[in-house]
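Per the working numbering, the sequence shown starts with residue 32, numbered consecutively. Every residue, glycine too, gets a C-beta built ideally from N, C-alpha and C.
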Amino acid sequence: MPEQQKIDFKPKVLEHVQRNGPCLPVQISKIIEREIYVSSAVLSELVSSKRVLVSAAKFGGSPVYYVPGQEYKLQTMLYPHLKDKEKEAFDLIKRNLVLRDRSQEPAIRVALRNLRDFAVQIEVKEANQSDLYWKWYILPDEEAKSRIIKMMSSFPKSQEAPKPEIKPEIKLEIKQEIKPVAPIKEEIKEEVPEVKEGFFKKIKSKIIRKSKTKDLFEECLYEYLQKNNIKVVSSEIVKKNKEINMVVKLPSVVGDLTMFLKAINKSKVSNTDLLMASNEAQQKHLNTLLLTTGDPGKKAEEFIEKKLNGRLVLRQIK
């Protein structure tokens, strides 16, 4: 891959988010006319510099990017994609503005912890004890504080719980006389199996063939990486001669991009392969490059576009 001239897309992307945010990486890709992993890299740089914020919740598998002051717009965009219990918790905290954690049912307490875009955690300490509250994300801190103080004043004072009676531990000691066992002597005759002529030749032949098969997949992979100037940061063989995971640096117009690479030795890529690769990359907070020895096919490309919002790059190695 020839060396590419670096282009700074950050000003253009920032201006678009300020004017049209919240935005998805796939929308930014259309604006800068580049692949989605390039737009994701530009957005990540803007997030690192704190000029752009990123949501915890996902819109079709992708986070939402916005600038300070656009928080109120997240409700309309993300609410339809919340789970049922999260929607219930969303409605509850939006209506009440402040909630005491221990007063909620367990399922709602779990949902509140998942609503990081809309529920802000507040820990209140009093008399060496702490109590957890949640405030609606756009509620001013001072108003949240006054509401919490008002709620606390209405709580009945807790009585000291009686100390439980601790029974002494009963130890049971068992004495048992152990007599030494006399060693058993037995003469063992070593038998050497007869090896027929040609036996080692067959084994050697199998090992050589297996080694060549293994090398072929890896050779194709590393040849592709070298040809495209892709640098390997780390590598892990998941299944010998079948699957390899890597973290790589891929050259682009915005500089080197760190990506999760999965190489699979299969004649045909399934939707499950695509989903698994995408999920593994998300756990590492990286975009995905999937390399396969088989034919990618049009169905795989359609699945990437519709289900994965173009967040995965699929290429064939030969």
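Beta-carbon gap between ASN296 and PHE248 smaller than 7 Å: Here residue 296 refers to the residue found at position 265 when the sequence shown is read from its first residue. Here residue 248 refers to the residue found at position 217 when the sequence shown is read from its first residue. Taking 7 Å as the Cβ cut-off, ASN296 and PHE248 qualify as a contacting pair.
Beta-carbon proximity of ALA294 to LEU322, cut-off 7 Å: Counting from one through the sequence shown, the residue named residue 294 turns up at place 263. Counting from one through the sequence shown, the residue named residue 322 turns up at place 291. Yes, these two residues count as a Cβ contact at 7 Å.
ASP162: first and last residue of the uninterrupted beta strand (DSSP E) it sits in: Locating residue 162 in the sequence shown gives position 131, counting from the first residue. Note, ASP162: beta strand (DSSP E), 160 to 167.
Residue of PHE40, LYS43, GLY92, GLN152 minimising C-alpha distance to ARG340: Counting from one through the sequence shown, the residue named residue 340 turns up at place 309. Before going further, note that residue 340 is Asn rather than Arg in the sequence given. Selected option, being the one with the closest Cα: GLY92.
As assigned by DSSP and simplified to three states, the class of PRO42: Here residue 42 is taken as the residue at index 11 of the sequence shown, counted from 1. For PRO42, the secondary structure class from DSSP, reduced to helix, strand or coil, is helix.
With 16 other Cβ atoms within 10 Å as the buried cut-off, status of MET277: The sequence position of residue 277 within the sequence shown is 246, counting from 1. Per the 10 Å Cβ criterion, buried.
Spatially closest choice to GLN58 from TYR168, ILE169, LEU345, GLU336, by CA coordinates: The residue labelled residue 58 in the question sits at position 27 within the sequence shown. Checking every option, the nearest Cα to that of GLN58 belongs to GLU336.
Local Cβ density within 10 Å of LYS166, reported as buried at 16 or more and exposed below that: Stepping through the sequence shown from its first residue, residue 166 is reached at position 135. Its Cβ being crowded by 16 or more others within 10 Å, LYS166 is buried.
ASP326 - DSSP class collapsed to helix/strand/coil: Translated into the one-based positions of the sequence shown, residue 326 becomes position 295. In this structure, ASP326 counts as strand in the three-state DSSP scheme.
Min CB distance ASN159 to chain D below 7 Å: No chain D is present in this structure, which holds just one protein chain.
Option nearest GLN106 by Cα separation, candidates PRO94, PHE121, VAL344: Taking the first residue of the sequence shown as 1, we reach residue 106 at position 75. Looking only at PRO94, PHE121, VAL344, the smallest Cα-Cα distance to GLN106 is reached by PHE121.
Cβ separation of VAL83 and VAL95, assumed to be a contact under 8 Å, to the nearest whole Å: Locating residue 83 in the sequence shown gives position 52, where the first residue counts as 1. Locating residue 95 in the sequence shown gives position 64, where the first residue counts as 1. 10 Å between Cβ atoms; not a contact.
Endpoints, the alpha helix (DSSP H) within which TYR68 is located: Counting from one through the sequence shown, the residue named residue 68 turns up at place 37. Its alpha helix (DSSP H) spans residues 67 to 79.
Within 7 Å, strictly: CB atoms of VAL279 and LEU292: Stepping through the sequence shown from its first residue, residue 279 is reached at position 248. Stepping through the sequence shown from its first residue, residue 292 is reached at position 261. The answer is yes: Cβ separation under 7 Å.
Same chain, Cβ closer than 7 Å to ARG14, five either side skipped, listed in chain order: Here the chain covers residues 32 to 349 and nothing more, so residue 14 does not appear.
Per-residue DSSP class, three states only, for LEU339: The residue given as residue 339 occupies position 308 in the sequence shown. DSSP places LEU339 in coil when its eight states are reduced to three.
7 Å CB neighbourhood of VAL263 in its chain, flanking five on each side removed: Counting from 1 along the sequence shown, the entry for residue 263 is found at position 232. So the qualifying residues of the chain are LEU256, MET277, VAL279.
Own chain residues within Cβ distance below 7 Å of LEU109, not counting five before or after: As a first step, residue 109 is located in the sequence shown; it is residue number 78 there, counting from the start. SER86, ALA88, PHE90, VAL95, ASP148.
Straight-line Cα distance separating ARG144 from SER265: Indexing the sequence shown from 1 puts residue 265 at position 234. Indexing the sequence shown from 1 puts residue 144 at position 113. Looking at the two C-alpha atoms, the distance is approximately 33 Å.
6 Å Cβ shell around SER71 - same chain, five flanking residues per side excluded: As a working mapping, residue 71 is identified with position 40 in the sequence shown. Correct list, in chain order: PRO56, ASN318.
Proximity winner among SER75, PRO111, THR324, MET183, relative to ILE275 (alpha-carbon distances): The residue you call residue 275 lines up with position 244 of the sequence shown. Ranking SER75, PRO111, THR324, MET183 by Cα distance to ILE275 puts THR324 first.
Own chain residues within Cβ distance below 7 Å of LYS429, not counting five before or after: Given that the chain is displayed from residue 32 to residue 349, the structure contains no residue 429 and the question cannot be resolved.
Which listed residue (GLU154, LEU130, MET183, ILE348) has its alpha carbon closest to that of GLU250: Walking along the sequence shown from the start, residue 250 turns up at place 219. Of GLU154, LEU130, MET183, ILE348, the residue nearest in Cα terms is ILE348.
Beta-ladder partner(s) of ASN318, from DSSP: Along the sequence shown, read from residue 1 onward, the residue named residue 318 stands at position 287. For ASN318, which the question treats as bridged, DSSP gives the partners MET290.
CA nearest to the CA of LEU45, picked from ILE67, LYS37, SER80: Position 14 of the sequence shown, counted from the first residue, corresponds to residue 45. For the options ILE67, LYS37, SER80, the alpha carbon positioned closest to that of LEU45 is the one of SER80.
Residues of its chain near LEU170, where Cβ-Cβ distance is below 7 Å and the 5 sequence neighbours each way are ignored: For the purposes of this step, residue 170 is taken as residue 139 along the sequence shown, with counting starting at 1. If we look at LEU170 and ignore the five residues flanking it on each side, its Cβ neighbours are LEU128.
Check whether GLN101 and PRO53 have beta carbons under 7 Å apart: Mapped onto the sequence shown, residue 101 falls at position 70. Mapped onto the sequence shown, residue 53 falls at position 22. If you check the CB distance, GLN101 and PRO53 come in under 7 Å.
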